[in-house]
Amino acid sequence: MFSPKSFKAGSLAAALTLGTVLAAGDALAHAVVTESSLKEHPIQVNHATKVVLFFNSNVELALSKVFLVSKGDVHQPVDIARGKKPGEVMISVPALTEGDYALKYKVFAADGHLTEDVIRFKVTAQR
Amino acid sequence: MYMQGLANFIDDFLGGLMLISYALVVGSILWSFVILKVTTAEVAAESVLSRSIKVLHIGAVALAASVGTKLVIKGLVLASTLGELPLGAYAGTVQFQAGLLRFFLALGFLWATRKLSESPADPTGWKTTLWLTVPLVISGAWLVHAVGRFEERALLMATTVVHQFAAAVWFGCVAQLLALWRAARKDADALALWPVAIGRFANMGIASVVLLLLTGLPLAWVYIGSWDGLFGTGYGSLVVTKVWLLLVALGFAYLNNRAGRRWRENPGDNTLITKVPYYIEAETFILIGILFIAATLSSQPPSVDIPDRTAQVSEVINMFLPRVPKIHSPSHEALMAGEAGRVAVVDKVPSVAGQEWSDYNHNVAGLFLTGMGIFAMLSYVRRFHWAQYWPLGFIGLSIFLFFRSDAETWPLGPIGFWESTFGNGEVFQHRIATLLAFVLGYMELKARTRPDAKKLQHIFPMLCAFGGILLLTHAHAQFELKSEFLIQSTHTTMGLLAVIMASGRWLELRLVTPDGQSAVEGRIAGFVAILAMFIIGNFLMFYREPLY
Ligand SMILES: [Cu+2]
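Chains A and B, in that order, give the protein sequences. Start counting at 1 in the first sequence, then tack on 9, and there's your number in this note's numbering. Start counting at 1 in the second sequence, then tack on 1043, and there's your number in this note's numbering.
Take a look at the structure:
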């Protein structure tokens, strides 16, 4: 509803001069995904899968959440578990029908920063 | 949402305050040992020692307060982001524990400064305080980026801690110099120490700069790793900004050193008293800016980790290139129609109207600032005396912002004024920004045109510095897309210019000769400030938002 765009537009100007953009933001910080299994192993239709994400930093799982977002921006929390390697996080994705989806994650990095980010992906029938 | 935005902002801002208070504590200790020579027979006068202990005490209070608040705020951020707060897990994090340790150390410093203020020249008291400094500095290692990394973890942690230490010595000593100067106006001992302190600080300042570079370069090498990484990511561009500010700070340091040298050759040279204190004030603005950037840096992903989200240098340059400003806005209906698709997580549709609406806002605001810059430059020419009314532009700008910055709310949108102001963090902050633009314009107008309103003059540079720092602190790119970084690159540059603008105007106000005329250096500094405002205006005027 409150678009970050119009927000930025107006505030930038004021901020610059007297700079009072106490800008609320989607505070994004430091733990980013450097690799994901989605690239090499796309999710198949009607097939529950584990998606593996590699982060650039250690992640505190107890302080992190991942949501599966489907059409209409419906958010559904999914289970996460630690992988074998450091920075590896396993995400349990339920069986999905064809369409566009996204994984929205909020993770707490070991250096104390909370990161929110989105990974978009498509589910298509195998031809 | 409201709470989350505010808490996030406070969390970021506290990071900067924490670094500043840490630097005050650590720098003050070094100052006392190296410059006031507290453990030797040459120890400075008691009045001077008390003054120094006072600064140390302020640092300790600020450290305890900022670290303590940060622990709580971080919990709030977690709670509002995750919808719950697993307290046990939070208390188990390295961040929480290292923070708590720092909090107790800060309390230790409070206790130590109380003891010291009872007997300022007691070497044992000073040695105890020095011992407290060791764990304070070392604990920093668990509060930096490197702690979460997988490669070269220990080495990176150690290097960062040394880097922080060097910066702290510089900033803390500069703050102490300011305090000494304030004391020197009333206290003969402090006045006598002033030139000596400048001389002793010179060596320490040089040492800390060398240490800063020796540790900063390898850190930049590891975390950035390429030219595109340096110019095409949030992390890299903050480092570039930091280097620019560092150069300005070094310029001031050079002027101070030179004045000290001249005084030693010819004690009749009074630059040390007429100009140096004001250079040090301006240097403080710059150093505070640098510390805030440092805090922001730690919340950005290092460039090496986001090679696929890095912008090319040419794309960054393109953001700043001149073009015809957009002075036609899309209709409000068109803007609103595109919003739903633009903010969607799945099936995101970039909104052309949204982009044009934003371009228009930026470009018109840029026209205001550029215009003000031109009139302000003209006002230096006697014939164009009327041009001194240029701060009126801020009032115009605030009215413009009031109508344009939040399209969803009254008067353009469906949501009422009070409802939106107090129901949404972003809108609330905009309303404050808008109000401040208005107040700033009004006050600066009075300050420039009414001789009896001289006291108001300093508000303008203070608010500029504050604004610049906020811009730099809020350099959080939504690095989902590199276009977000491109927008951020303009933020950061303008934040840099705002800090320069602040210190320039400050110097102009401070560097006046006894007969009330402004000194040549002051006029130059004032012009640099106006020039910075003009350039900010230009960047805004040519701003084009990447479509996303
Ligand atoms: Cu971080």
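The C-beta atom is built at its ideal place from N, Cα and C for all residues, glycine as well.
- prompt: Could you check where the alpha helix (DSSP H) with residue 48 of chain A kicks off and where it finishes?
  reply: Looking up residue 48 of chain A in the first sequence gives position 39. Segment 46-49, the alpha helix (DSSP H) holding residue 48 of chain A.
field: Whether residue 1550 of chain B touches residue 1568 of chain B by CB criterion (8 Å)
entry: As a working mapping, residue 1550 of chain B is identified with position 507 in the second sequence. As a working mapping, residue 1568 of chain B is identified with position 525 in the second sequence. Yes, the pair counts as a contact, with Cβ atoms nearer than the cut-off.
- prompt: What does residue 1349 of chain B touch in chain A if you count any residue whose Cβ is under 9 Å from its own?
  reply: Residue numbering aside, residue 1349 of chain B sits at position 306 when the second sequence is read from its first letter. In chain order: 41, 43, 65.
query: Three-state secondary structure (DSSP) at residue 1116 of chain B?
result: By 1-based counting over the second sequence, the position of residue 1116 of chain B is 73. Helix.
- request: Starting from the beta carbon of residue 96 of chain A, find every residue of chain B whose beta carbon is closer than 8 Å, and list them in chain order.
  value: Residue numbering aside, residue 96 of chain A sits at position 87 when the first sequence is read from its first letter. Those within 8 Å of residue 96 of chain A in chain B are 1193.
field: residue 75 of chain A beta carbon less than 8 Å from that of residue 89 of chain A
entry: Position 80 of the first sequence, counting from 1, holds the residue named residue 89 of chain A. Position 66 of the first sequence, counting from 1, holds the residue named residue 75 of chain A. Their beta carbons are under 8 Å apart, which means residue 89 of chain A touches residue 75 of chain A by this criterion.
- request: Could you check if residue 1344 of chain B is buried or exposed, using at least 16 other CB atoms within 10 Å of its CB as the buried criterion?
  value: Along the second sequence, read from residue 1 onward, the residue named residue 1344 of chain B stands at position 301. Buried.
query: How many angstroms separate the CA atom of residue 1068 of chain B from the CA atom of residue 1103 of chain B?
result: Locating residue 1068 of chain B in the second sequence gives position 25, where the first residue counts as 1. Locating residue 1103 of chain B in the second sequence gives position 60, where the first residue counts as 1. Cα to Cα, the separation comes out at about 6 Å.
- prompt: Is the beta carbon of residue 1218 of chain B sitting closer than 8 Å to the one on residue 1091 of chain B?
  reply: By 1-based counting over the second sequence, the position of residue 1218 of chain B is 175. By 1-based counting over the second sequence, the position of residue 1091 of chain B is 48. For residue 1218 of chain B and residue 1091 of chain B, no; Cβs fall outside 8 Å.
- request: Answer yes or no: does any C-beta atom of chain B fall closer than 8 Å to that of residue 121 of chain A?
  value: For the purposes of this step, residue 121 of chain A is taken as residue 112 along the first sequence, with counting starting at 1. True, the Cβ-Cβ gap to chain B drops below 8 Å.
message: Going by C-alpha to C-alpha distance, which of B:1561, B:1556, B:1237 sits closest to residue 1548 of chain B?
response: In the second sequence, the residue the question calls residue 1548 of chain B occupies position 505. Restricting attention to B:1561, B:1556, B:1237, the CA atom closest to the CA of residue 1548 of chain B is found in B:1561.
message: Considering just the uninterrupted stretch of the beta strand (DSSP E) at residue 1391 of chain B, what are its terminal residues?
response: On the second sequence, residue 1391 of chain B is found 348 positions in, with the first residue counted as 1. Per DSSP, residue 1391 of chain B belongs to no beta strand (DSSP E) and is neither H nor E.
- prompt: Are the CB atoms of residue 1537 of chain B and residue 1506 of chain B nearer to each other than 8 Å?
  reply: In the second sequence, the residue the question calls residue 1537 of chain B occupies position 494. In the second sequence, the residue the question calls residue 1506 of chain B occupies position 463. No, they are not a contact pair.
Close Cβ partners of residue 1413 of chain B (< 7 Å) along its chain, the five nearest in sequence each way excluded: Here residue 1413 of chain B corresponds to residue number 370 of the second sequence, with the count starting at 1. Counting only Cβ-Cβ distances below 7 Å, and skipping sequence neighbours, we find 1577, 1580, 1581, 1584.
field: Neighbourhood of residue 1306 of chain B by C-beta distance below 7 Å, restricted to the same chain and skipping five residues each side
entry: In the second sequence, counting from the first residue as 1, residue 1306 of chain B sits at position 263. Result list for residue 1306 of chain B: 1238, 1312, 1315, in chain order.
message: Taking 8 Å as the threshold (beta carbon to beta carbon), is residue 107 of chain A in contact with chain B?
response: To locate residue 107 of chain A, count along the first sequence from 1; it is residue 98. For residue 107 of chain A, the answer is no, since every Cβ of chain B falls outside 8 Å of its Cβ.
field: For residue 100 of chain A, the nearest candidate out of A:109, A:113, A:108, A:118 (CA to CA)
entry: In the first sequence, counting from the first residue as 1, residue 100 of chain A sits at position 91. It is A:113 whose Cα lies nearest to the Cα of residue 100 of chain A.
query: Since residue 1444 of chain B and residue 1480 of chain B are thought to touch, with beta carbons under 8 Å apart, how far apart are those beta carbons, to the nearest angstrom?
result: Within the second sequence, numbered from 1, the residue matching residue 1444 of chain B stands at position 401. Within the second sequence, numbered from 1, the residue matching residue 1480 of chain B stands at position 437. That pair is a contact at about 6 Å.
- prompt: Going by DSSP, which residues form a beta bridge with residue 91 of chain A?
  reply: By 1-based counting over the first sequence, the position of residue 91 of chain A is 82. According to DSSP, residue 91 of chain A bridges with A:98.
- prompt: Near residue 1438 of chain B, what residues of its chain come up, given a Cβ to Cβ distance below 7 Å and the 5 sequence neighbours on each side ignored?
  reply: Counting from 1 along the second sequence, the entry for residue 1438 of chain B is found at position 395. 1481, 1484, 1485, listed in sequence order.
- prompt: Should residue 1334 of chain B go down as buried or exposed, given a rule of 16 or more other Cβ atoms within 10 Å for buried?
  reply: Your numbering for residue 1334 of chain B matches position 291 in the second sequence. Buried: at least 16 other Cβ atoms inside 10 Å.
- prompt: Comparing the C-beta of residue 69 of chain A with each C-beta of chain B, is any distance below 8 Å?
  reply: In the first sequence, residue 69 of chain A corresponds to position 60, counting from 1. For residue 69 of chain A, the closest Cβ of chain B is nearer than 8 Å.
query: Alpha carbon to alpha carbon, how far is residue 1531 of chain B from residue 1346 of chain B?
result: Within the second sequence, residue 1531 of chain B is the residue found at index 488, counting from 1. Within the second sequence, residue 1346 of chain B is the residue found at index 303, counting from 1. CA-CA distance, residue 1531 of chain B to residue 1346 of chain B, rounds to 14 Å.
field: Neighbour flag for residue 1125 of chain B against chain A, beta carbons, 8 Å
entry: Mapped onto the second sequence, residue 1125 of chain B falls at position 82. By this cut-off, residue 1125 of chain B is an interface position.
task: Report buried or exposed for residue 1521 of chain B, applying the criterion of at least 16 other Cβ atoms within 10 angstroms of its Cβ.
output: Here the question's residue 1521 of chain B lines up with position 478 in the second sequence. Confidence in residue 1521 of chain B is poor, its pLDDT being 48 and thus under 50, which makes the residue's placement too unreliable to answer from.
query: Among A:106, A:102, A:86, A:45, which has the Cα closest to the Cα of residue 61 of chain A?
result: Along the first sequence, one-based indexing puts residue 61 of chain A at 52. Taking only the C-alpha atoms, the option nearest residue 61 of chain A is A:45.
message: Which residues in chain B have a C-beta closer than 9 Å to the C-beta of residue 82 of chain A? List them in chain order.
response: Locating residue 82 of chain A in the first sequence gives position 73, counting from the first residue. Within chain B, the residues near residue 82 of chain A are 1386, 1387, 1388, 1389, 1390.
message: With H, G and I counted as helix, E and B as strand and the rest as coil, what does DSSP make of residue 1127 of chain B?
response: The sequence position of residue 1127 of chain B within the second sequence is 84, counting from 1. Here residue 1127 of chain B sits in coil by DSSP.
message: Using a 10 Å radius around the Cβ and a threshold of 16 neighbouring Cβ atoms, would you call residue 1590 of chain B buried or exposed?
response: The count along the second sequence starts at 1 and reaches residue 1590 of chain B at position 547. Residue 1590 of chain B should be labelled exposed.
- prompt: Are there 16 or more other CB atoms within 10 angstroms of the CB of residue 10 of chain A, so buried, or fewer, so exposed?
  reply: To locate residue 10 of chain A, count along the first sequence from 1; it is residue 1. Interpretation of residue 10 of chain A is limited by its pLDDT of 31, a score under 50 that renders its predicted location unreliable; the figure taken from the coordinates is listed afterwards. With fewer than 16 other Cβ atoms within 10 Å, it is exposed.
query: Can you list the residues of chain A that residue 1593 of chain B reaches, using a CB-CB cut of under 7 Å?
result: Nothing in the structure corresponds to residue 1593 of chain B, since chain B is present only between 1044 and 1591.
message: Rounding to the nearest angstrom, what Cα-Cα distance links residue 132 of chain A and residue 64 of chain A in this structure?
response: One-based indexing of the first sequence puts residue 132 of chain A at position 123. One-based indexing of the first sequence puts residue 64 of chain A at position 55. Here the alpha carbon of residue 132 of chain A sits roughly 23 Å from the alpha carbon of residue 64 of chain A.
- prompt: Ordered along the chain, which non-local residues of its own chain (more than five positions away) have a Cβ less than 7 Å from that of residue 992 of chain B?
  reply: Chain B is shown only over 1044 to 1591; residue 992 of chain B falls outside these bounds and no answer can be derived.
message: Assuming the contact rule is C-beta atoms closer than 8 Å, residue 1259 of chain B and residue 1188 of chain B should be a hit. Round their C-beta distance to whole Å, please.
response: Taking the first residue of the second sequence as 1, we reach residue 1259 of chain B at position 216. Taking the first residue of the second sequence as 1, we reach residue 1188 of chain B at position 145. That pair is no contact at about 14 Å.
query: By Cβ distance, which residues of its chain are closer than 8 Å to residue 1390 of chain B, with the 5 residues on each side in sequence left out?
result: To locate residue 1390 of chain B, count along the second sequence from 1; it is residue 347. These residues qualify, in order along the chain: 1384.
field: Three-pair Cβ contact test at 8 Å for the segment 1186-1203 of chain B versus the segment 110-124 of chain A
entry: Contact holds between the segment 1186-1203 of chain B and the segment 110-124 of chain A, because three or more Cβ pairs, one in each stretch, are under 8 Å apart.
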